[in-house]
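Q: Numbering follows full-length UniProt numbering, in which position 196 of the sequence shown is assigned residue number 196; successive positions increment by one, without gaps.
Ideal Cβ positions, reconstructed from N, Cα and C, are used throughout, including at glycine.
These numbers come from a predicted model, not from an experiment.
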Amino acid sequence: MTSDTDETEPVTEQTAGLRDLITNARYVLWDFDGPICRLFAGYSADRVAGELVDWLERLGLKELLTEEERVHPDPHVLLAAVDRRRHHSDLAVEFEERLTREELRAVPSARPTAYADPLIRTWAALGAGLAVTTNNSPRVVGEYLATRGLLGCFSPHIYGRTRNLGLLKPDPYCLDRALSAMGAAPGLALMVGDTPSDLTAARRAGVPFLGYARNEEKAKLLRQAGAETVVHSLEPVLRLVWESGGGRARA
Numbered sequence: 001m002t003s004d005t006d007e008t009e010p011v012t013e014q015t016a017g018l019r020d021l022i023t024n025a026r027y028v029l030w031d032f033d034g035p036i037c038r039l040f041a042g043y044s045a046d047r048v049a050g051e052l053v054d055w056l057e058r059l060g061l062k063e064l065l066t067e068e069e070r071v072h073p074d075p076h077v078l079l080a081a082v083d084r085r086r087h088h089s090d091l092a093v094e095f096e097e098r099l100t101r102e103e104l105r106a107v108p109s110a111r112p113t114a115y116a117d118p119l120i121r122t123w124a125a126l127g128a129g130l131a132v133t134t135n136n137s138p139r140v141v142g143e144y145l146a147t148r149g150l151l152g153c154f155s156p157h158i159y160g161r162t163r164n165l166g167l168l169k170p171d172p173y174c175l176d177r178a179l180s181a182m183g184a185a186p187g188l189a190l191m192v193g194d195t196p197s198d199l200t201a202a203r204r205a206g207v208p209f210l211g212y213a214r215n216e217e218k219a220k221l222l223r224q225a226g227a228e229t230v231v232h233s234l235e236p237v238l239r240l241v242w243e244s245g246g247g248r249a250r251a
């Protein structure tokens, strides 16, 4: 597995907002694909989406998708579209299972996000409660974390896609499950996410949000959605966690 070598942003001083987020967090809810790793870094999401569209076409169901959706590079967009139009159907179940198989195939070539591994280990060592709250399959998350030696930092708190696809983020369902299981007050938690849907889910759950954007395009989308604190690298977050003692996590 390769390491994410995205260039880190120069940090001259930490904003009060970022420091407050870190200091107040006793529990950290992580999105998976983005903040923890780039799942499709070596196994193209475009190709996966294309193969899923081709499968629908072979079934004579290509018209379930709009023209824009058919060329969308995000397989989760296609999954949500199929579920909206064939909710709780065998087709939606099969589509989800096919996507899960493709996600599992992508795990060996997934690229760890720079500084994510040490940040996770540091937060866990300092006593923060950690959970994964994601639209990916929980099987995929568990397999990836095991390859990185990180499963123990999260287990059993991995909350991913269920058969009820209407509960994908931006619905806060997976965040609410994590908070309930850990006995965490929303205001003492922090969501680390990289999409507007992560931000919306955090808001609906009452959880403070830290945006991670590996490039300016993603940062722009987060800021346009209303994210107040966005970082291009997890390195300043790691430094602040060390300085604050993890917010004296669960002290």
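Buried or exposed for Leu-59, going by 16 or more other Cβ atoms inside 10 Å?
A: So Leu-59 ends up on the exposed side.
Q: For Gly-245, collect the residues of the same chain with a Cβ closer than 7 Å to its Cβ; drop the 5 residues on either side in sequence, then sort them by chain order.
A: Cβ neighbours of Gly-245 beyond the five flanking positions: Leu-126.
Q: Between Pro-108 and the rest of its own chain, which residues show a CB-CB distance below 6 Å, the 5 nearest in sequence each way excluded?
A: Correct list: empty, nothing qualifies.
Q: Residues in the same chain with beta-carbon distance under 8 Å from Ala-81, minus the five sequence neighbours each way, listed in chain order, please.
A: Same-chain partners within the cutoff: Leu-64, Leu-65, Thr-66 and Glu-69.
Q: What would DSSP say about Ile-158, mapped onto helix, strand or coil?
A: Strand, per DSSP.
Q: Can you grab the Cα-Cα spacing for the pair Phe-209 / Thr-162, in whole Å?
A: Whole-angstrom Cα-Cα distance: 23 Å.
Q: Straight-line CA distance for Gly-187 to Glu-94?
A: Roughly 38 Å between the two C-alpha positions.
Q: Can you find the residues in the same chain that come closer than 6 Å, C-beta to C-beta, to Thr-100, ignoring five residues on each side of it along the sequence?
A: Excluding positions up to five away in sequence, the list reads Ser-137.
Q: Return the chain-ordered ranges of every alpha helix (DSSP H) run that is complete within the segment 119-204 and spans a minimum of 4 residues.
A: You should have 138-147, 151-154 and 173-182.
Q: What whole-angstrom Cβ distance do Phe-32 and Val-141 have, given they're in contact under 8 Å?
A: Right, their Cβ atoms sit about 5 Å apart.
Q: With three or more C-beta pairs closer than 8 Å as the rule, is the segment 190-201 touching the segment 144-154?
A: Result no; under three Cβ-Cβ pairs closer than 8 Å.
Q: Per DSSP, which residues does Asp-33 bridge with? Please list them.
A: For Asp-33, which the question treats as bridged, DSSP gives the partners Cys-37.
Q: Please state the DSSP three-state secondary structure of Gly-50.
A: Helix.
Q: Have a look at Leu-238 and Pro-118 and give me their C-alpha separation to the nearest angstrom.
A: In a straight line, the C-alpha of Leu-238 is about 8 Å away from that of Pro-118.
Q: If I follow the unbroken beta strand (DSSP E) through Gly-211, where does it start and stop?
A: It spans 209-212 - the beta strand (DSSP E) in which Gly-211 sits, taken as one unbroken run.
Q: Report the residue from Tyr-159, Asp-194 and Gly-166 whose alpha carbon sits nearest the alpha carbon of Ala-178.
A: Looking at the Cα atoms, Tyr-159 is the closest of the given residues.
Q: Whose C-alpha, out of Ala-205, Pro-196 and Arg-204, is nearest the C-alpha of Gly-211?
A: Among Ala-205, Pro-196 and Arg-204, the Cα nearest to that of Gly-211 is on Pro-196.
Q: Thinking C-alpha only, which one of Ala-219, Pro-236 and Leu-240 is nearest Val-230?
A: The shortest Cα separation from Val-230 among Ala-219, Pro-236 and Leu-240 belongs to Ala-219.
Q: Looking at Leu-104 and Arg-47, is the spacing between their C-beta atoms short of 8 Å?
A: Not a contact, by the Cβ cut-off of 8 Å.
Q: In three-state DSSP terms, what is Thr-5?
A: Because the pLDDT at Thr-5 is just 46, under 50, the model does not fix this residue reliably, and the value given afterwards should be weighed accordingly. Three-state DSSP puts Thr-5 in coil, outside helix and strand.
Q: So Thr-113 is in the alpha helix (DSSP H); what residue range does that whole segment cover?
A: From DSSP, Thr-113 is part of no alpha helix (DSSP H); its letter is neither H nor E.
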